[in-house]
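Undergrad: Here it is, the structure, as structure tokens.
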Amino acid sequence: MNITAVAIVAIVCWAIVELTNGTKTKKKNKAALEQDAELAKQVSSLKERIETLEKIVTDEKYDLHRQFDALKKDRVA
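First residue of the sequence shown? That's 1326 in my numbering, and the numbers climb one at a time after it.
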């Protein structure tokens, strides 16, 4: 067999392997990017919820309601 033919077959086989691996890698990267975007949305949503809860807890009216509830519990007990 001619050495040139062996080299051509080797190059073609290498190219096929690289093309199939490249497609798999692109699919994995796309899935990872989609997952990253979803996680970023969830983090953003959770940050908003935490900010809302912090506003509620630090609100003076909330503290007053807690104190009234504590007084009511003391009266009942």
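Don't be surprised by glycine CBs; every beta carbon is placed ideally from N, CA and C.
What are the boundary residues of the alpha helix (DSSP H) that includes aspartate 1361?
TA: First-last of the alpha helix (DSSP H) with aspartate 1361: 1328-1383.
Undergrad: If we ignore side chains and look at the alpha-carbon of each, how far apart do tryptophan 1339 and isoleucine 1333 end up?
TA: Approximately 10 Å between the Cα atoms of the pair.
Undergrad: What number of angstroms, rounded off, separates the C-alpha of leucine 1396 from the C-alpha of aspartate 1384?
TA: Each residue's alpha carbon lies about 19 Å from the other.
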